[in-house]
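Asker: Be aware that the sequence shown starts at 1, since it is given in full-length UniProt numbering, and climbs by one per residue.
Every residue gets a Cβ at the ideal spot worked out from N, C-alpha and C, and that includes glycine.
Here the structure is a predicted model, which is why all the values come from computation and not from measurement.
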Amino acid sequence: MDQVINKLIRKFKTNDPFTIASGLNIEVWFEDLGVGTRGLYYKKLRRRYIVIHRDLSEDWQRFICAHELAHDRLHPGFSRFWLDQHSLFNPGKYERQANMFAVRLLLSKTKIHPGETLENVFRRNYIPTEMLPYF
1 MDQVINKLIR
11 KFKTNDPFTI
21 ASGLNIEVWF
31 EDLGVGTRGL
41 YYKKLRRRYI
51 VIHRDLSEDW
61 QRFICAHELA
71 HDRLHPGFSR
81 FWLDQHSLFN
91 PGKYERQANM
101 FAVRLLLSKT
111 KIHPGETLEN
121 VFRRNYIPTE
131 MLPYF
């Protein structure tokens with residue numbers, strides 16, 4: 001996972017998930033996804049899309065973009081719908097990996113100051129503190 005993240009940062013000279021998605025020719029859309037869905041990734045006819053709930057805060061939109069980018073990089077060919085309908089595999093594993101990827105990507109250029117709490121590090125980097133368990 002860290003190798004994938006470092007390669008993306010070197011290639012695009014940023015850890016911004018929107019810039020990276022654009023550089024990978026992944027279209028990012030902002031739509032009303034209703035209650036309970038913050039974002040999704042899908043591929044159709046060789047085109048890749050990240051769709052983010054438009055009513056989320058900018059911090060959450062950035063995190064969701066990084067999370068969905070993880071699915072593109074780490075889980076090509078899989079979708080949650082397919083997993084739910086056609087296998088006994090627990091999709092939670094992929095979601096946890098995507099959250100870890102997003103946290104690592106967004107913190108990749110961050111120095112943690114002596115005595116600084118992780119909660120403060122997350123806030124300083126505009127990462128939702130709900131994602132602390134994935135550090």
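1. On the DSSP letters alone, give me the boundaries of the alpha helix (DSSP H) that E58 sits inside.
2. Considering only C-alpha positions, which residue in the set R46, R54 and Y42 is nearest to E68?
3. What does the alpha-carbon distance come out to for the pair N125 and L118?
4. Do you know how far the Cα of V4 is from the Cα of V28?
5. Any idea what DSSP makes of H86, helix, strand or coil?
6. Would you kindly work out how many angstroms separate the C-alpha atoms of Q97 and D16, rounded to a whole number?
7. Let me know if V51 comes out buried or exposed under the rule of 16 or more other beta-carbons within 10 Å of its beta-carbon.
8. Let me confirm a value: R46 is counted as buried when at least 16 other C-beta atoms fall within 10 Å, else exposed. Which label applies?
9. How is the beta strand (DSSP E) around E31 delimited, first residue to last?
Answerer: Judging by the given coordinates:
1. Where E58 is concerned, the enclosing alpha helix (DSSP H) stretches over E58 to L74.
2. Of R46, R54 and Y42, the residue nearest in Cα terms is Y42.
3. Taking C-alpha positions only, N125 is separated from L118 by approximately 11 Å.
4. Put simply, the backbone Cα of V28 is about 20 Å away from that of V4.
5. Summary for H86: the model assigns pLDDT 40, below 50, so the residue's position carries little reliability; its value from the coordinates is reported in the next sentence. Look at H86 here: in three-state DSSP terms it is helix.
6. About 18 Å.
7. With 16 or more Cβ atoms within 10 Å of its Cβ, V51 is classed as buried.
8. Counting Cβ neighbours within 10 Å, R46 comes out exposed, since fewer than 16 surround it.
9. Taken as a continuous stretch (DSSP letters only), the beta strand (DSSP E) holding E31 covers I26 to E31.
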